[in-house]
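Q:
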Amino acid sequence: MFRAYPWSPNAMSRFEDTYWNLCQSALWVVFRDKAYVEIYGDADSETYKALQWYPPSDQPDRQANVNELQEALRCGSLTALGYHTEEPNLLKEITQVQWYSMEIKPPLAMDSRNRRSQLWTNIRLKRADVQRLWPHLSTVASRAQYNWGELRSIYEEIINEGNALSDNQLHRELRVRCERRGISAPGRTSFQEHHKKWRQMAGRSAT
């Protein structure tokens, strides 16, 4: 599998590492595939770009968008560590506020105001935290489906507060509140499908 990429089946597993780099984390969110995490344990920007431009014939289906990872970092449901360019020897947590000035370009996070400027290097995320938010597909399949009744209750709670939120902001806020209550939050695609239905139902009940 993926023979065009520099990975050997006999190499030490990178999947079970306590921390994943930004590229591994992004690929897990998008593809939920163990082999990609193994392959990109030491990825640079060029090898990641090659995957986008020349995907292997057996590339797994996409399960999410890398923007979901960025949103989780911005809303605080996921944290990352890295080295700021002004303090290159100090490993520290990147705050959610700081993520609003960055754009993820695996394996890098670039300054959103100057996309050629890199503010943080060697970014890593705890594997367990990434997998908690984006579990393996076999885990998802074995679970009971999302409790959409409870999710709709949280959604209506947010709507009834009267804040003018975009669909993306609604999804982020739903994730945050699910995290606080210890329940599973849906991905963006699943949320959007139900959000559309809930809006239609609310429109019919109002007439």
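Residue numbers for the sequence shown follow the numbering used here, so the first one is 9 and each next one is one higher. Cβ atoms here follow ideal geometry from the backbone N, Cα and C, with glycine treated the same way.
When the Cα atoms are used, what is the spatial distance from Asn75 to Ala34?
A: Taking the straight line from one Cα to the other gives about 9 angstroms.
Q: For Leu81, which option in Gln208, Trp36, Val184 and Asp50 has the closest C-alpha, if you only look at C-alpha atoms?
A: Taking only the C-alpha atoms, the option nearest Leu81 is Val184.
Q: Going by DSSP in three states, Glu111 sits in which element: helix, strand or coil?
A: Three-state DSSP puts Glu111 in a strand.
Q: Let me make sure I understand the geometry here. Which of Cys186, Asp25, Trp206 and Leu141 has the alpha-carbon closest to that of Glu164?
A: Closest by alpha carbon: Trp206.
Q: Would you tell me roughly how many angstroms separate the C-alpha atoms of Ala135 and Glu169, rounded to the nearest one?
A: Note that residue 135 is Arg in the sequence shown, not Ala. Approximately 35 angstroms, taken between the alpha carbons.
Q: Determine whether the beta carbon atoms of Tyr91 and Asn122 lie at a separation below 8 angstroms.
A: No, the pair does not count as a contact, with Cβ atoms beyond the cut-off.
Q: Give me the Cβ distance between Leu182 and Ile166, rounded to the nearest whole Å; I'm assuming they're in contact under 8 angstroms.
A: About 7 angstroms separates the two Cβ atoms, so the contact holds.
Q: Is it buried or exposed for His179, if we count other Cβ within 10 angstroms and need 16 for buried?
A: His179 is buried by the Cβ-count criterion.
Q: Nearest by alpha-carbon distance to Asp119: which of Pro143, Lys100, Thr55 and Thr93 is it?
A: Ranking the options by Cα distance to Asp119, first place goes to Thr93.
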